[in-house]
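Data block below; observations after.
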Amino acid sequence: MGDQMQFIVEKLNQEPFRKNYNLISFDSLEPLQLLQLLSDVLGEIDPKHAVDIREELPEQTAKRMLNLLGILKYKPPGTVADLSAFRQGLVTGSKAVIHPVLHWLLQRSNELKTRAYLARFLVKLEVPAEFLQDDTVADFNKQYEELMEAFKNLHKEHEQLKISGLSTAEIRRDISAMEEEKDQLAKRVERLKKRVETVQNHQRMLEIAGQLRLEREREESLAQQKQEQKSQLFHVEQRLQRAQVQLKEMQQVVADSKPESLMKKLEEEINFNSYLVTEKIPREMESKKTSVHFLQKVVAEPAMTQADLSALESERDEVNAEMNQLIEKRMIKYEPADSEFSMYRQQASIISRKKEAKAEELQAAKEEMSSLERQVEQKSSQAHEGSEVLTEDEFKQYVSKLRSKNTFYKKKRQEIAEITAEYGILQRTQELLRQRHEALQQQLQQVEEKKGISGYSYTQEELERVSAVKSEMDEVKGQTLDNMSEMVKKLNAMVAEKKASLAPVIKELRQLRQSCQELTQECDEKKIQYDSCAAGLETNRSALEQEVKGLLEECAQEESNYRYINCMKRSLEIQLQRAKEELKACLSPEPQERRRAVREQYTRIILEQENLGKKLREKQKVVRESHGPNMKQMKMWQDFEQLMKCKRQCFLKQQNQAAIGQIIQEGGKDRLVL
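Converting from the sequence shown to this note's numbering requires adding 1201 to each position, the first position being numbered 1.
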């Protein structure tokens, strides 16, 4: 909190606010002054909000500030209840609400100015649907949206130009360098023309050279077109081959998509999930519970010293040694009996470990995929919203920083309280001493008046003070004069020494200046020669670069052709090997080898399916033949069931009537008895 206030005060004391606050004056601001300060900061970000809050109602002020903070993407901390408290605190000018807002605004003022500027043009006006039914309003709304998109594109181009780093100075330097190069080339062309003019039939030779250059350019363009067409043909062939491979794969997938394969995949997935639910996850939960229980016990125990740690380490070493002894005894005791099953146990443990490892790898891959999907969703939401979201590590760092700042603030606050108390004590002591001094002065004056020498003590003090000051001034003057005389002597000696030492250097300097002028002229001449040579080498270098680039492209294309042909060769060799093995298996006299052949397998499967189809057709025939009698029998059983239900109901009614008659007869007998 203290660092936050310090940052706010520093920013407010700088341009363009110039508030001249300190921590105490800023902390003692009234709620109305805080609201005005917040309005000034918002007005610096968006000039429309530079308003005196005394000229508007509190509700209007809060609404205006909340709208701008919403446009600037400020997110107050907390839940919905905290949001209502935030609105209330903004209306009342609470420090707990306004200080974080000021810190957030001053921390990123440049970014928020850009956001506020864009909001003036990109916050869309919501037009009701019933108004959009009017053609004129709909056209204006469409134009408004098109202009908004055009503004977005122009702003992006402007930002890209700013980031690209192109400056007018660099462009001017490039233009001046190009002009110098152009002048050098013009001079070179003039020199070549003068040389050529001395040759006989130079016009005819120039025309032939021009035609030769044109033909070479045409040959290069045709070679480039040929190369482009070859590359296009190669790409088209590759695309065709990929499409054919994809078609074959899709056909295989369609051919293999049987219910048995789907059921097999589902069974594998169910087995894996059941393994996770029944074995892996309960075991992990149990281990996590034990670790949590152990950590809770560690947290509940008091803080350990170095002696306790050394004792625990020694106890751990003893327990490990005892465990090793027990394991050795057990191995010696049970080795003969378990010798037959040790190999199987070892294999089972290895398989179980492999199973657990693969399950963990699969689970980790699924978790990684889900985390990546969440990250993609997070990044996309951030890109859409444009809000800043802290990561977990950043949030932890922020919390630890807040805690350290809180402790530092409490410590400094305690020191301030102690200093304030000590200041009060010292102030009281000063007041008491001053009172005692005044009383003693009054007593001394009374004594002087009684003796008839009033003012003697004051005069004596003044004389002593003046004499002391005079003596000090005399001493200072004497010391100053001595120092000045010594300094003048030293300076004269130093000047003489420097003159004597610099005389030969000055002579050498004159000679060096003459040689420097000669070397400068020679350097200018060499520079002109260098520039002309560099221009020629640059043209040769550009031509060589183009040639090397073409050769590299050709090399890359030939390398891709080689790799493609090599892959096709490998695939054809594999297919040829499979065909040879199949032919060998088909022509083999051994029945076992024939059974391995794919042809025999498919023939056997076809026979099995034909037999199964025959059985199913026979079963279908039997069902069709017995369908009519079975339906009659079912109808008879339904009628029989209905008849039995009717008999049961009649029987129940008869029993009820008999019971009622018996009750009536018993009641009549009782009356007769009475």
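Using N, Cα and C, we set each Cβ at its ideal position, and we do this for glycine too.
All values reported here derive from a predicted model rather than from experimental measurement.
Take the alpha-carbon of Glu1574 and the one of Lys1555: they are about 28 Å apart. Per DSSP, reduced to three states, the secondary structure at Thr1491 is helical. Burial check for Tyr1763: the Cβ neighbour count within 10 Å stays below 16, so the residue is exposed. One thing to note: Leu1306 has its Cβ within 8 Å of the Cβ of Ile1246. Assigned with DSSP and collapsed to three states, Asn1474 falls in helix. Shown here for Asp1241: same chain residues with a beta carbon closer than 8 Å to its own, the five before and five after excluded, namely Phe1218 and Ala1251 in chain order. DSSP places Gln1802 inside the alpha helix (DSSP H), whose first and last residues are Val1799 to Glu1826.
The C-beta distance from Val1324 to Ile1272 rounds to 7 Å, short enough to meet the 8 Å contact threshold.
Under the 8 Å Cβ criterion, the stretch 1225-1243 counts as touching the stretch 1206-1213, having at least three qualifying pairs. Annotation: Lys1274 to Asp1340 spans about 31 Å, alpha carbon to alpha carbon.
Under a 10 Å Cβ-count criterion, Leu1745 is classified as exposed, with fewer than 16 other Cβ atoms of the shown protein chains found around its own Cβ.
Residue burial is scored here from C-beta neighbours: Phe1495 has fewer than 16 other C-beta atoms within 10 angstroms and is therefore classed as exposed.
The three-state reading of DSSP puts Ala1860 in helix, counting H, G and I together.
For Pro1232, the uninterrupted alpha helix (DSSP H) segment begins and ends at Pro1232 to Ile1246. Counting of Cβ neighbours within 10 angstroms places Gly1814 among the exposed residues, the total staying below 16. Here the alpha carbon of Ser1716 sits roughly 10 Å from the alpha carbon of Gln1722. Residue environment: Ile1299 is assigned as buried (16 or more neighbouring CB atoms within 10 Å of its CB, all protein chains considered). Here Pro1277 is not near Leu1269, since their CB atoms are 8 Å or more apart. As summarised for the stretch 1374-1406, there are no continuous alpha helix (DSSP H) elements at least 4 residues long confined to that stretch. Val1799 is a Cβ neighbour of Glu1783, given a cutoff of 8 Å. When rounded, the separation of the alpha-carbon atoms in Gln1205 and Leu1239 is 15 Å.
Secondary structure of Asp1253 (DSSP, three-state): coil.
For Ala1512, the number of other beta carbons within 10 angstroms of its own is below 16, and it is reported as exposed. Taking the CA atoms as reference points, Leu1303 sits about 52 Å from Val1478. Membership of Leu1306 in the alpha helix (DSSP H) is indicated by the continuous run Lys1296 to Gln1308.
Per DSSP, Ser1226 is one residue of the alpha helix (DSSP H) stretching across Leu1224 to Asp1228.
Taking every protein chain shown into account, the CB of Ala1263 has 16 or more other CB atoms within 10 angstroms, so this residue is buried. When rounded, the separation of the alpha-carbon atoms in Pro1483 and Tyr1476 is 10 Å. In the DSSP assignment, Glu1260 falls within the alpha helix (DSSP H) that extends over Pro1259 to Ile1272.
Judged by DSSP secondary structure, Leu1333 falls within the alpha helix (DSSP H) whose first and last residues are Ala1330 to Leu1333.
Sorting Leu1844, Ala1370 and Ser1310 by C-alpha distance to the C-alpha of Glu1216 places Ser1310 at the top.
The beta carbon of Thr1608 sits closer than 8 Å to none of the beta carbons in its chain outside the five residues before and after it. Ser1285 carries a helical assignment under DSSP once its states are collapsed to helix, strand and coil. Classified as buried, Leu1235 has 16 or more neighbouring CB atoms from the shown chains inside 10 Å of its CB. In this structure, His1359 lies away from Leu1319, with their beta-carbon atoms at least 8 Å apart. Secondary structure at Ser1789: coil, using DSSP grouped into helix, strand and coil.
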